[in-house]
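Student: Quick one: the structure is below, questions incoming.
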Amino acid sequence: MKNEQKSHKVNDAFSNDGLPVNVASSIERAAKVEMAKEKATSKNESIEIILKSKYTFRFNTIKCQPEFKINEVNSVYKPIDKYVLNTLKRELDSEFSITTTTDNLRSILESTFSLKVNPIDEYFRNLPEFDPDADYIKEFSQTVKVEDPILFCEYFKKWIVAVVANALTKYGCQNHTALVFTGDQGKFKTTWLDLLCPQSLHQYIFTGKLNLQSKDTSSLIAEMFLINIDDQLRQINNRDENELKNLITTPSIKYRRPYDIYITEYPHTASFMASVNGNDFLTDPTGSRRFLPFEVLEIDIEKAKEFNINLVYSQAFYLYKNDFRYWFDEQDTAILHKNNQAFQMTSLEEQLLLEFFRVPENKEEITHHLQPAMILEHIEKQTKNRLSLKKLGEALNKNGFKKIQKTDRNIKKWVWQVIRLELFEVDLASQNKKDYSQS
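If you're matching positions, the sequence shown starts at 0 in numbering that gives the first Met the number 0 and goes up one per residue.
This is the structure in structure tokens:
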């Protein structure tokens, strides 16, 4: 009776963690275990025989953690945490009178006893065969309404194939871009992006805000399939923006997991996507090639939810295996830069440049040939603002000012051709803007 009560308590402990309530060994299992134990040459071999009689184990190479499932139909793998480990230890003691430590159990489970498995690799190996006549990527992209659906489909196809390449290639980073949805709040932008993660890989997506100065964030690159940054891109500072670009493209991640002894290098598995409320979020024109932004006008979220995302990945996997060019070449990047201008935030330097200067349409309109420092000095003198020479140069380029080389006193120097407005013209333009906004 005492042993029965002890077993009942163990059963309760397992049920709290999702394990079967009925853990008491069947007569058949007990007989097989006893026969196997007689042949075992060590205690650890007996432990392994008992564990295998009821469970199947694997070692998840993404999480670097052992997992188990019950030997029953439709059972799923679950991580072996401290609670489960202690419960297995109790089961060995209560049902089989085998005493061992959790450290010994862990050393067994984190060995060749558990087959090494990469769940993301396994997902792609088990995808349905793709019908080359279908275009599921295009169909799914059409659940999103944007200004340029053809360009969106083209970029989304490149990005989703790069997602596959990044997850399956163990050396280097294959996806150097982040898909970004902009637009009004409440358009289901984040929800649609979350749907890109297959249900069987739901534990390999991170959705939220990143602490870009935390070492823990780096681990997400190795342990996640997708990283969905939710409404953060407009708030990050220059330091964090540079760190984010580095995370998107870094070839691998080096860090020490909790309880590990050594720092280990891990492959870059994750691909990035993001949503932004509003449209302007890009601050660095030279680094905008890392982002594929599209303003969302509308999303048919119900249709998107009903769509079988596995079909999208079956096509992306097929394209990847057949050498589809998922990266952006020089011509693609030039087009991307042009399209991304609509999502650039206007710097103070750009605002003030256009307040005091204009772009000449012909040579006759040119009033001055000025070096950048001279333009900067003029604006700062009139506004009392401290400005960035680098950002001013970016604003000059962005707005179509022309730079030429001139010789002054036998010294060659680069100058900008500009129309410098007189102060009364600046005041007049400012008054006209004010009158227009009030009308």
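Glycine included, each C-beta is placed from N, C-alpha and C at the ideal position. Predicted model, so just to flag it, every value in this text is computed and none were measured.
Taking the C-alpha atoms as reference points, what is the distance between residue 221 and residue 410?
Tutor: About 54 Å.
Student: Taking only runs of the alpha helix (DSSP H) that begin and end inside the segment 142 to 193, which ones reach a length of at least 4 residues, in chain order?
Tutor: You should have 148 to 167 and 188 to 193.
Student: Closest to residue 203 by CA distance: which of 194, 126 and 68 is it?
Tutor: It is 194.
Student: Should the segment 157 to 167 be called in touch with the segment 343 to 356, which here means at least 3 C-beta pairs below 8 Å?
Tutor: Result no; under three Cβ-Cβ pairs closer than 8 Å.
Student: Going by CA-CA distance only, name the one from 60, 89, 112 and 78 that's closest to residue 48.
Tutor: Ranking the options by Cα distance to residue 48, first place goes to 112.
Student: Please identify the residue among 58, 89 and 60 whose C-alpha is closest to the C-alpha of residue 46.
Tutor: The shortest C-alpha separation from residue 46 is found at 89.
Student: With distances taken between CB atoms, is the gap from residue 416 to residue 365 smaller than 7 Å?
Tutor: Yes, the Cβ-Cβ distance between residue 416 and residue 365 is below 7 Å.
Student: For residue 400 versus residue 274, is the C-beta distance shorter than 7 Å?
Tutor: No.
Student: Once the 5 residues before and after residue 98 are set aside, which same chain residues still bring their CB inside 7 Å of it?
Tutor: Correct list, in chain order: 92.
Student: I believe residue 377 touches residue 405 by the beta-carbon criterion, under 8 Å. Please report the beta-carbon distance rounded to the nearest angstrom.
Tutor: Between residue 405 and residue 377 the Cβ distance is about 18 Å, and since that is not below 8 Å, they are no contact.
Student: Compare the beta carbon distance of residue 332 and residue 288 with 7 Å and say whether it is the shorter of the two.
Tutor: Yes. Within cutoff.
Student: Just to confirm, are residue 108 and residue 65 a CB contact at a threshold of 7 Å?
Tutor: Yes, they are a contact pair.
Student: Under DSSP, the alpha helix (DSSP H) around residue 113 begins and ends at which residues?
Tutor: Run containing residue 113: none; DSSP gives neither H nor E here.
Student: Would you check if the distance between the CB atom of residue 325 and the CB atom of residue 161 is smaller than 7 Å?
Tutor: Yes, the Cβ-Cβ distance between residue 325 and residue 161 is below 7 Å.
Student: With burial defined as no fewer than 16 other Cβ atoms inside 10 Å of the residue's Cβ, what is the status of residue 496: buried or exposed?
Tutor: It is not possible to answer for residue 496, since the shown part of the chain is limited to 0 through 438.
Student: Beta carbon of residue 211, beta carbon of residue 239: below 7 Å?
Tutor: Yes, they are a contact pair.
Student: How many whole angstroms separate the CB atoms of residue 270 and residue 339, which I take to be in contact at a CB cut-off of 8 Å?
Tutor: That pair is no contact at about 19 Å.
Student: Considering residue 408, what are the terminal residues of the beta strand (DSSP E) in which it resides?
Tutor: Looking at the DSSP string, residue 408 is not in any beta strand (DSSP E), and its letter there is neither H nor E.
Student: Tell me the rounded alpha-carbon separation between residue 386 and residue 428.
Tutor: Approximately 22 Å, taken between the alpha carbons.
Student: From 183, 336 and 225, pick the residue whose C-alpha is nearest to that of residue 246; which is it?
Tutor: The residue with the shortest Cα to Cα distance from residue 246 is 225.
Student: List the endpoints of the continuous beta strand (DSSP E) containing residue 368.
Tutor: Run containing residue 368: 367 to 369, per the beta strand (DSSP E) assignment.
Student: Note down the Cα distance separating residue 381 from residue 413, rounded to an integer number of angstroms.
Tutor: Looking at the two C-alpha atoms, the distance is approximately 24 Å.
Student: Can you grab the Cα-Cα spacing for the pair residue 118 / residue 394, in whole Å?
Tutor: Spanning the two alpha carbons is a distance of roughly 47 Å.
Student: Can you tell me whether residue 257 is buried or exposed, with buried defined as 16 or more other CB within 10 angstroms of its CB?
Tutor: With fewer than 16 other Cβ atoms within 10 Å, it is exposed.
Student: Out of 76, 235, 100 and 390, which one is the CA nearest neighbour of residue 114?
Tutor: The shortest Cα separation from residue 114 among 76, 235, 100 and 390 belongs to 76.
Student: Would residue 252 and residue 217 be called neighbours here (beta carbons separated by less than 7 Å)?
Tutor: Yes.
Student: Have a look at residue 292 and residue 82 and give me their C-alpha separation to the nearest angstrom.
Tutor: Near 44 Å, if we compare the C-alpha coordinates of residue 82 and residue 292.
Student: Taking the C-alpha atoms as reference points, what is the distance between residue 62 and residue 322?
Tutor: Spanning the two alpha carbons is a distance of roughly 29 Å.
Student: Relative to the alpha-carbon of residue 51, which residue among 334, 155, 352 and 69 has its alpha-carbon at the smallest distance?
Tutor: Nearest C-alpha to residue 51: 69.
Student: Quick one, are the C-beta atoms of residue 317 and residue 199 less than 7 Å apart?
Tutor: No, the pair does not count as a contact, with Cβ atoms beyond the cut-off.
Student: Which of the three DSSP states, helix, strand or coil, is assigned to residue 83?
Tutor: Helix, per DSSP.
Student: For residue 366, decide whether its Cβ has a neighbour in chain C, counting only Cβ atoms nearer than 7 Å.
Tutor: Of the protein chains in this structure there is only one, and it is not chain C.
Student: If we call anything under 7 Å between Cβ atoms a contact, is residue 278 one with residue 342?
Tutor: Result yes, Cβ atoms of residue 278 and residue 342 sit closer than 7 Å.
Student: Between residue 7 and the rest of its own chain, which residues show a CB-CB distance below 8 Å, the 5 nearest in sequence each way excluded?
Tutor: Residue placement at residue 7 is flagged as unreliable, the pLDDT there being 42, under the threshold of 50; a coordinate-derived value is accordingly withheld.
Student: Which residue from 361, 348 and 72 puts its Cα closest to that of residue 383?
Tutor: Checked all of 361, 348 and 72; the closest Cα to residue 383 is 348.
Student: In the DSSP assignment, what are the bridge partners of residue 72?
Tutor: BP columns for residue 72 are empty, so no partner.
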